[in-house]
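To start, the structure itself, in structure tokens.
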Amino acid sequence: MKPLISPWIAYTCTFVSISGVIFLFALAALFRYESEALMSDLPQGMSGARVSNTCVLAGLIYIVYRNHCNKVI
Numbered sequence: 001m002k003p004l005i006s007p008w009i010a011y012t013c014t015f016v017s018i019s020g021v022i023f024l025f026a027l028a029a030l031f032r033y034e035s036e037a038l039m040s041d042l043p044q045g046m047s048g049a050r051v052s053n054t055c056v057l058a059g060l061i062y063i064v065y066r067n068h069c070n071k072v073i
């Protein structure tokens, strides 16, 4: 069966996904520990823990996406 995308596109997809996971988990940690630079821009009623959970969920989605890319390679 012929692959849907070329291997180079799959490698790029993997690189972007790994970078995204690292970035999102770093942001989640900063929000979890209520970094003052990030907390000052939050709308009223939002907590750092809530935003942190959203970042972790997005990171997990990226991990699933990366695993899909590895199957294509």
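Residues 1 to 73 in UniProt numbering are what the sequence shown spells out, letter by letter.
Backbone N, C-alpha and C fix where the C-beta goes; we use that ideal spot for every residue, glycine too.
### Query
Under three-state DSSP, which class holds Leu4?
coil
### Message
According to DSSP, is Glu36 part of a helix, a strand, or is it coil?
### Response
helix
### Query
By the 10 Å Cβ neighbour count, where 16 or more other Cβ atoms means buried, how is Ala28 classified, buried or exposed?
buried
### Query
Helix or strand or just coil, what does DSSP make of Met42?
Checking the sequence, you will find Leu at residue 42 rather than Met. Residue state, collapsed to three classes: coil.
### Message
With three or more C-beta pairs closer than 8 Å as the rule, is the stretch 51-60 touching the stretch 19-38?
### Response
yes
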